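Peer 1: If you read the sequence shown in the numbering used here, its first letter stands for residue 0, the second for the next number, and so on. Just so it is clear, CB atoms sit at the ideal spot from N, CA and C, and this is done for glycine as well. Please read these numbers as outputs of a predicted model, since none were measured by experiment. Would you mind keeping the following structure in view while I ask a few things?
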Amino acid sequence: MAENPCFHSKRTEQQVNHHMKPLSGAIKILILDDNEADREMCRRLLARAAPAGRYQFIDHGCLAGAMDVARAEKPHCILLDYSLQDGTGVDFLRGLQACGGALESAVVMLTGMGSEFIAVESFKTGAQDYLMKDRLTSETLHNAVESAISTVRTRHRLDAQHRERDRLLHELREEKARRERFMGTLSHHLRTPLTPVMIAAGILRDTHGHSEEVRKIASVILSNAELQARVIDEMLGPVIPKSYGL
Numbered sequence: 000m001a002e003n004p005c006f007h008s009k010r011t012e013q014q015v016n017h018h019m020k021p022l023s024g025a026i027k028i029l030i031l032d033d034n035e036a037d038r039e040m041c042r043r044l045l046a047r048a049a050p051a052g053r054y055q056f057i058d059h060g061c062l063a064g065a066m067d068v069a070r071a072e073k074p075h076c077i078l079l080d081y082s083l084q085d086g087t088g089v090d091f092l093r094g095l096q097a098c099g100g101a102l103e104s105a106v107v108m109l110t111g112m113g114s115e116f117i118a119v120e121s122f123k124t125g126a127q128d129y130l131m132k133d134r135l136t137s138e139t140l141h142n143a144v145e146s147a148i149s150t151v152r153t154r155h156r157l158d159a160q161h162r163e164r165d166r167l168l169h170e171l172r173e174e175k176a177r178r179e180r181f182m183g184t185l186s187h188h189l190r191t192p193l194t195p196v197m198i199a200a201g202i203l204r205d206t207h208g209h210s211e212e213v214r215k216i217a218s219v220i221l222s223n224a225e226l227q228a229r230v231i232d233e234m235l236g237p238v239i240p241k242s243y244g245l
């Protein structure tokens, strides 16, 4: 009986090998390949390099419906055959890009033929690694999967840190703006009473300057008002250092 190219199944490998140290936790692998022999080869190679139950496999045999399977299963890693019966692995990766990165899966591209063009396109469209099927070993496939997952997890952590940094900077800018508005209001209320005092003292000094006592009083008033204005200026300087980059 001919194999259904869109065959879909889930299974967990139970073979044991403790020679390699994997990432912590169970790993869900989506094998997107239209060749059952190749899917079985990938399962067998990975099972040799991991403890029992380390990998849970989901098989899908064609491009059609693959995106829905990936969204539903949320695999940690996708082993993606380049040459599928109804499209290419790069077509699938472009579909992932169109989703805006909603699917957080690592991708290892597999191909039966070596091609620099395929390798470049694979990496450009989001694959973390590129391997030729006829050169696969248990170690190379296991290492590629673990490394790809680790790379994606690191990227997600960095993205989360960047988002948190941006959030904090946004809050800091808002707080700075609130303080500046407050300081502006406070400055207005503190400086406003000084203006008529300084004007009145100036008029008093200029119109009654013939009186030594009046001149001294006006000078004291002006001197104190100017001092208070300087103190206000010093108190209401920058409330957040420029080194914050705001």
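Could you say which of Arg178, Leu130, Lys175 and Gly183 lies nearest to Val107 if we only look at CA atoms?
Peer 2: Leu130
Peer 1: Along the beta strand (DSSP E) that carries Leu79, what are the first and last residues, could you check?
Peer 2: Cys76 to Asp80
Peer 1: Excluding the five sequence neighbours on either side, which residues of its own chain have a C-beta within less than 7 Å of the C-beta of Asp85, listed in chain order?
Peer 2: Cys61, Leu62 and Ala63
Peer 1: Thinking C-beta only, is Ala71 closer than 8 Å to Leu31?
Peer 2: no
Peer 1: What residue range does the alpha helix (DSSP H) around His188 cover?
Peer 2: Element bounds for His188: Ser137 to Arg190.
Peer 1: Below 8 Å on the Cβ atoms is my guess for Ala105 versus Gln127; work out the distance and round it to an integer in Å.
Peer 2: 5 Å
Peer 1: Please state the DSSP three-state secondary structure of Glu233.
Peer 2: helix
Peer 1: So, helix, strand or coil for Gln13, using DSSP?
Peer 2: The predicted model places Gln13 with a pLDDT of 38, which falls under 50 and marks its position as unreliable; any figure quoted below should be read in that light. Reduced to three states, the DSSP call for Gln13 is coil.
Peer 1: Can you give me the Cβ contacts of Pro74 inside the same chain, cut-off strictly under 8 Å, excluding the 5 residues immediately before and after it?
Peer 2: Contacts found: Lys27, Ile28, Leu29, Ile57 and Ser104.
Peer 1: Between Met197 and Leu221, which are expected to be in contact by the criterion C-beta below 8 Å, what is the C-beta distance as a whole number of angstroms?
Peer 2: With 8 Å as the limit, Met197 and Leu221 qualify as a contact, their Cβ atoms being about 6 Å apart.
Peer 1: With Ser137 and Gly111 assumed to form a contact (beta carbons below 8 Å), what rounded beta-carbon distance in angstroms separates them?
Peer 2: In fact, because the Cβ distance is near 19 Å, the residues do not count as touching under 8 Å.
Peer 1: Considering just the uninterrupted stretch of the alpha helix (DSSP H) at Gln96, what are its terminal residues?
Peer 2: Element bounds for Gln96: Gly88 to Ala97.
Peer 1: Mind checking Glu211: buried by the 16 CB within 10 Å criterion, or exposed?
Peer 2: A residue is called buried once 16 or more other Cβ atoms fall within 10 Å of its Cβ, and Glu211, having fewer, is exposed.
Peer 1: On the three-state DSSP scale, how would you describe Lys27?
Peer 2: Three-state DSSP puts Lys27 in a strand.
Peer 1: Going by alpha carbons, who is nearest to Met182 out of Glu233, Leu193, Glu170 and Cys41?
Peer 2: Glu233
Peer 1: Determine whether the beta carbon atoms of Ala217 and Ala200 lie at a separation below 8 Å.
Peer 2: Cβ atoms of Ala217 and Ala200: closer than 8 Å.
Peer 1: In terms of residues, what are the limits of the beta strand (DSSP E) holding Thr110?
Peer 2: Ala105 to Thr110
Peer 1: What is the rounded straight-line gap between the Cα of Ala36 and the Cα of Glu170?
Peer 2: 55 Å
Peer 1: Which residue marks the beginning of the alpha helix (DSSP H) containing Asp37, and which one marks its end?
Peer 2: Glu35 to Arg47
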